[in-house]
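Trainee: As they're listed, the protein sequences go chains A and B. The first sequence lines up with residues 1 to 346 when you count with my numbering. The second sequence lines up with residues 347 to 692 when you count with my numbering.
There are 2 protein chains.
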Amino acid sequence: MSWNKPMPANPVVAVAGATGAVGREFLEVLHGLDFPASEVRALASVRSAGKKLPFKGCGLVPAGELTVEEMTPASFEGVDIALFSCGASVSRELREAVQAAGAVMIDNSSAFRMEPDVPLVVPEVNPQDVAWHSGVIANPNCSTIQMVVALKPLYDVAPIKRVVVSTYQAASGAGAPAMEELYHQTRDYLEGEELTVKAFKHRIAFNCIPHIDVFREDAYTKEEWKMVAETKKIMGDEAIQVAPTCVRVPVLRCHAESLNVEFTQDISVSDACAALAAAPGITVMDDPAHDLYPMPGLLAGTDDTYVGRLRVDPTVEHGLALWVVADQIRKGAALNAVQIAQLLLP
Amino acid sequence: MSWNKPMPANPVVAVAGATGAVGREFLEVLHGLDFPASEVRALASVRSAGKKLPFKGCGLVPAGELTVEEMTPASFEGVDIALFSCGASVSRELREAVQAAGAVMIDNSSAFRMEPDVPLVVPEVNPQDVAWHSGVIANPNCSTIQMVVALKPLYDVAPIKRVVVSTYQAASGAGAPAMEELYHQTRDYLEGEELTVKAFKHRIAFNCIPHIDVFREDAYTKEEWKMVAETKKIMGDEAIQVAPTCVRVPVLRCHAESLNVEFTQDISVSDACAALAAAPGITVMDDPAHDLYPMPGLLAGTDDTYVGRLRVDPTVEHGLALWVVADQIRKGAALNAVQIAQLLLP
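(1) Going by beta carbon distance, what residues of the same chain come within less than 8 Å of Asp271 of chain A, once the five residues before and after it are set aside?
(2) Could you pull out every unbroken alpha helix (DSSP H) segment of at least 4 residues lying fully inside the segment 74-127 of chain A, listed in chain order?
(3) Does DSSP put Thr144 of chain A in a helix, in a strand, or in coil?
(4) Counting only beta-carbon atoms, is Phe561 of chain B nearer than 9 Å to chain A?
(5) Identify the residues that DSSP records as bridge partners of Ala589 of chain B: which are they?
(6) Is the CB of His318 of chain A under 9 Å away from at least one CB in chain B?
(7) Tyr566 of chain B by DSSP, collapsed to three states: which one?
(8) With H, G and I counted as helix, E and B as strand and the rest as coil, what does DSSP make of Cys254 of chain A?
(9) Below 8 Å on the Cβ atoms is my guess for Arg599 of chain B versus Ala646 of chain B; work out the distance and round it to an integer in Å.
(10) Helix, strand or coil: how does DSSP classify Gln328 of chain A here?
(11) Distance check for Val312 of chain A and Val269 of chain A, CA to CA, integer angstroms please.
(12) If I'm right that Ala14 of chain A touches Arg47 of chain A with Cβ under 8 Å, what's the distance once you round it to whole angstroms?
(13) Between the Cα of Thr315 of chain A and the Cα atoms of B:Phe552, B:Ala589, B:Pro486 and B:Lys544, which residue gives the shortest distance?
(14) Ignore the nearest five residues each way along the sequence and tell me which others in Lys232 of chain A's own chain have a CB closer than 7 Å to its CB.
(15) Give the single residue among A:Ile340, A:Ser45 and A:Leu292 whose Cα lies nearest to the Cα of Ser75 of chain A.
(16) Since Cys554 of chain B meets chain A, which of its residues come closer than 8 Å, beta carbon to beta carbon?
(17) Shortest alpha-carbon distance to Ile580 of chain B belongs to which of B:Arg655, B:Ala484 and B:Thr532?
(18) Roughly how many angstroms separate the alpha carbons of Asp637 of chain B and Val607 of chain B, rounded to a whole number?
(19) Taking only the alpha-carbon atoms, compute the straight-line gap between Val121 of chain A and Ile106 of chain A and give it to the nearest angstrom.
(20) Are any of the Cβ atoms in chain C nearer than 9 Å to that of Gly378 of chain B?
(21) Starting from the beta carbon of Asp659 of chain B, find every residue of chain A whose beta carbon is closer than 9 Å, and list them in chain order.
(22) Short of 8 Å in beta carbon distance, which residues of its chain neighbour Lys398 of chain B, apart from the five on each side in sequence? Order them along the chain.
(23) Which value, in whole angstroms, describes the spacing of the CA atoms of Pro62 of chain A and Ala326 of chain A?
(24) Counting contacts by CB-CB distance shorter than 9 Å, is Trp323 of chain A in contact with chain B?
(25) Cutting at 6 Å between CB atoms, please list the residues of its own chain near Gly309 of chain B, excluding the five before and the five after it.
(26) Round the Cβ separation of Gln688 of chain B and Leu379 of chain B to the nearest angstrom and send it over; I've been treating them as touching at under 8 Å.
(27) Taking C-alpha atoms, which residue in B:Ile491, B:Val495 and B:Met460 lies nearest to Ala624 of chain B?
(28) Is it the case that the Cβ atoms of Arg113 of chain A and Pro140 of chain A are separated by a distance below 9 Å?
(29) Could you work out which residues of chain B lie near Ala239 of chain A, taking near to mean beta carbons separated by less than 9 Å?
(30) Helix, strand or coil, according to DSSP, for Lys56 of chain A in the structure here?
(31) Which residues, in order along the segment 525-536 of chain B, keep a beta-carbon less than 7 Å from a beta-carbon of chain A?
(32) Which bits of chain B does Tyr220 of chain A rub up against, with CB to CB less than 7 Å?
(33) Could you please give the first and the last residue of the uninterrupted beta strand (DSSP E) stretch that includes Glu39 of chain A?
(34) So what does DSSP say about Tyr155 of chain A, is it helix, strand or coil?
(35) Using a Cβ-Cβ cut-off of 9 Å, state whether Lys677 of chain B counts as contacting chain A.
(36) Can you check whether the C-beta of Lys547 of chain B is within less than 9 Å of a C-beta belonging to chain A?
In structure tokens, the structure reads:
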């Protein structure tokens, strides 16, 4: 099955899950990229219906307020692009209605990512894959997105054999309540108050939790498994080996990743650096002499994937090590999804 | 040169740098292990002279207060064991005086670690190396200590070829003022106050800094280099390859490390787990089904090296991944040094 409905130059855009951390960022990014929408609908659960969301406008939509509507199967009538960020079960529930309405669903959840007829797209890496969608395009997991953005320009110089990655993941990956929990819990901790632990399995204030998403039988977490499986699909190379450890750290909204990459042929640091610097969506921030490298606490609200600490890994043939930081809500979610939507424009 | 002076059963112990984070912990650990000292002298710079330090007692020394004395070359007369934690330059300055006094210096700084006639000792790994000291024994770097404690029992089952390690290092590694800076800065950040950045190159509150110690010409930090060089020396195996990335995280006093280990022959998870569980100084804390794994925020003040998230790394032949946490001030510094002192007892 393929998709034959032409996309209008000024599509009607629905934001499903508009009141969440990613949902609010969808509105920011639609404005920031001046997405040529003719209408933007803010949809959420009945709890949020009637709520007003400030919106700075984009395309033909003037700045003003959006009134949140209760999301039902009927919400998608007349919609061309539906940006979804409301969790896998809601996405599954509404997929049929969205497709029946003739809208393309760009889904931020993990619901459809590994389905063979659903492209999993990072515009800097595999923009060509949007061509074969059949109504649903999946937005990859945040920790995968920034990794493949950094790997792709290197891969184009020298194919990659194996990546060992340890992540330093921000609270935002668990949603807006988790971000608030980090702050409130930290404050309570400093004041010697009793702590509320709800968004994470354990206290996150002044702690690191090596557990994101659920554990699988093989003792990896689902978050780790996503980095393995999604990387292969996005890069279109089943042979790439990824060995991940995913860790939550007390940082608000940027993920950092420590990567050790083994290539199949030689690639020098200067060639790697040049390839990264020339690649779209990447800022190389790598000047140790001036204490310059990407840091998650200082890059919130940015769009690029930042790369630094680039160096030879001499412990393996054709090895490089690097450090990658990106805003989890932007490039890790909302920005990437809207960039996918841009690829659909005529 | 070797050391012929016999160690008395009840040695005189000097604590050099007694008012620092590690210095204060020396006193805790001497008490905790009931080290059989006949006297404990608290030494520090002239600024702290006269200060009283509470001491719970050990060996023949009753509980009470220690009066800090100004540390001079004369301070070591009659001393048998000098526990040093005052930075590399002070250690270098006083080495001769300590040796002239006939005391064994157990030095926490990086000053002498790589000198060929100075053993670099982790009691669980290479206790035999204290035998060839000639007046100085070096305490390894904190991030190295906990890694080799975890690696040794595995190495004894199957030799190790390569370790990729990413660290999550606590503020305590930069001393007591850095620990205070983490708290004060976090509080100021939450209250919207201006931040003081002094102990680290950048803000540490809600941030991760991929920079510990100074940068070298090869774009690795000296902290990373220590993990490479010290591991080879402690393990007595120049062939072990270590690929480190050292990162400071907003945690108070436990370091965490994500390790991907490549062995030269097969080692199963259950054999690895059994070897770790049987090893001295290690607690295996690994029960994903009950959300149990070591976490730095929750293990402050503990003595063991904690290992969890043990699993196969299927991306390489004979690979295992694990997650290691230990208290940086205890096992990473003070405890390890006092354990070395214990090895010197008759």
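Every residue, glycine too, gets a C-beta built ideally from N, C-alpha and C. Just so it is clear, the structure is predicted and the values come from calculations on it, not from any experiment.
Mentor: Let's see:
(1) In the first sequence, the residue the question calls residue 271 of chain A occupies position 271. Cβ within range, chain order: Val157.
(2) Whole alpha helix (DSSP H) segments, 4+ residues: 88-100.
(3) Taking the first sequence and counting its residues from 1, one reaches residue 144 of chain A at position 144. Correct three-state label for Thr144 of chain A: helix.
(4) Within the second sequence, numbered from 1, the residue matching residue 561 of chain B stands at position 215. Output row for Phe561 of chain B: interface = yes.
(5) Counting from 1 along the second sequence, the entry for residue 589 of chain B is found at position 243. Partner(s): B:Val510.
(6) On the first sequence, position 318 is the one that residue 318 of chain A refers to. Chain B contact via Cβ: absent.
(7) The count along the second sequence starts at 1 and reaches residue 566 of chain B at position 220. Tyr566 of chain B sits in coil when the DSSP states are folded into three classes, being neither helix nor strand.
(8) Locating residue 254 of chain A in the first sequence gives position 254, counting from the first residue. It is a strand residue.
(9) Residue numbering aside, residue 599 of chain B sits at position 253 when the second sequence is read from its first letter. Residue numbering aside, residue 646 of chain B sits at position 300 when the second sequence is read from its first letter. Indeed they touch by this definition, with Cβ atoms about 5 Å apart.
(10) For this step, residue 328 of chain A is matched to residue 328 along the first sequence. Reduced to three states, the DSSP call for Gln328 of chain A is coil.
(11) Translated into positions along the first sequence, residue 269 of chain A becomes position 269. Translated into positions along the first sequence, residue 312 of chain A becomes position 312. Each residue's Cα considered, the two are about 7 Å apart.
(12) Translated into positions along the first sequence, residue 14 of chain A becomes position 14. Translated into positions along the first sequence, residue 47 of chain A becomes position 47. Actually they do not touch by this definition, with Cβ atoms about 18 Å apart.
(13) Indexing the first sequence from 1 puts residue 315 of chain A at position 315. The shortest Cα separation from Thr315 of chain A among B:Phe552, B:Ala589, B:Pro486 and B:Lys544 belongs to B:Ala589.
(14) Here residue 232 of chain A is taken as the residue at index 232 of the first sequence, counted from 1. Around Lys232 of chain A, the same chain offers Glu238 and Ile240 as residues with beta carbons nearer than 7 Å, after the five sequence neighbours per side are excluded.
(15) Your numbering for residue 75 of chain A matches position 75 in the first sequence. Of the residues A:Ile340, A:Ser45 and A:Leu292, the one whose Cα lies closest to the Cα of Ser75 of chain A is A:Ser45.
(16) Counting from one through the second sequence, the residue named residue 554 of chain B turns up at place 208. Under the 8 Å cutoff, chain A gives Tyr168, Val249, Val251, Ala256, Met295, Pro296 and Gly297.
(17) Within the second sequence, the letter at position 234 stands for residue 580 of chain B. If we check each option's Cα against that of Ile580 of chain B, B:Ala484 comes out closest.
(18) For the purposes of this step, residue 637 of chain B is taken as the residue at position 291 of the second sequence. For the purposes of this step, residue 607 of chain B is taken as the residue at position 261 of the second sequence. C-alpha separation (whole angstroms): 23 Å.
(19) By 1-based counting over the first sequence, the position of residue 121 of chain A is 121. By 1-based counting over the first sequence, the position of residue 106 of chain A is 106. Cα-Cα distance, rounded: 10 Å.
(20) Any reference to chain C falls outside this structure, whose protein chains are A and B.
(21) As a working note, residue 659 of chain B is residue 313 in the second sequence. Within chain A, Val164 and Ala243 have C-beta atoms less than 9 Å from the C-beta of Asp659 of chain B, given in sequence order.
(22) Sequence index remark: in the second sequence, residue 398 of chain B carries index 52 (1-based). Only Glu411, Leu412, Thr413 and Val414 meet the Cβ criterion.
(23) Against the first sequence, residue 62 of chain A aligns to sequence position 62. Against the first sequence, residue 326 of chain A aligns to sequence position 326. Each residue's CA atom was taken as its position, placing Pro62 of chain A and Ala326 of chain A some 30 Å apart.
(24) Position 323 of the first sequence, counting from 1, holds the residue named residue 323 of chain A. Yes, Trp323 of chain A lies at the interface with chain B (some Cβ there is under 9 Å from its Cβ).
(25) This structure does not reach residue 309 of chain B, given that chain B is present from 347 up to 692, and the question cannot be answered.
(26) To locate residue 688 of chain B, count along the second sequence from 1; it is residue 342. To locate residue 379 of chain B, count along the second sequence from 1; it is residue 33. Indeed, because the Cβ distance is near 7 Å, the residues count as touching under 8 Å.
(27) Taking the first residue of the second sequence as 1, we reach residue 624 of chain B at position 278. Distances from the CA of Ala624 of chain B to each of B:Ile491, B:Val495 and B:Met460 were compared; the closest alpha carbon is that of B:Val495.
(28) Taking the first sequence and counting its residues from 1, one reaches residue 113 of chain A at position 113. Taking the first sequence and counting its residues from 1, one reaches residue 140 of chain A at position 140. The answer is yes: Cβ separation under 9 Å.
(29) Position 239 of the first sequence, counting from 1, holds the residue named residue 239 of chain A. Chain B residues near Ala239 of chain A: none, gap ~11 Å exceeds 9 Å.
(30) One-based indexing of the first sequence puts residue 56 of chain A at position 56. In this structure, Lys56 of chain A counts as coil in the three-state DSSP scheme.
(31) Residues Tyr529, Thr532, Arg533 and Leu536.
(32) For the purposes of this step, residue 220 of chain A is taken as the residue at position 220 of the first sequence. Identification of chain B residues near Tyr220 of chain A by a Cβ-Cβ cut-off of 7 Å yields Arg657, ordered along the chain.
(33) Here residue 39 of chain A refers to the residue found at position 39 of the first sequence. Glu39 of chain A: member of the beta strand (DSSP E) spanning Glu39 to Ala44, first to last residue.
(34) For this step, residue 155 of chain A is matched to residue 155 along the first sequence. Helix at Tyr155 of chain A.
(35) Residue numbering aside, residue 677 of chain B sits at position 331 when the second sequence is read from its first letter. No, Lys677 of chain B lies away from the interface with chain A (no Cβ there is under 9 Å from its Cβ).
(36) Here residue 547 of chain B refers to the residue found at position 201 when the second sequence is read from its first residue. Closer than 9 Å to some Cβ of chain A, the Cβ of Lys547 of chain B qualifies, so yes.
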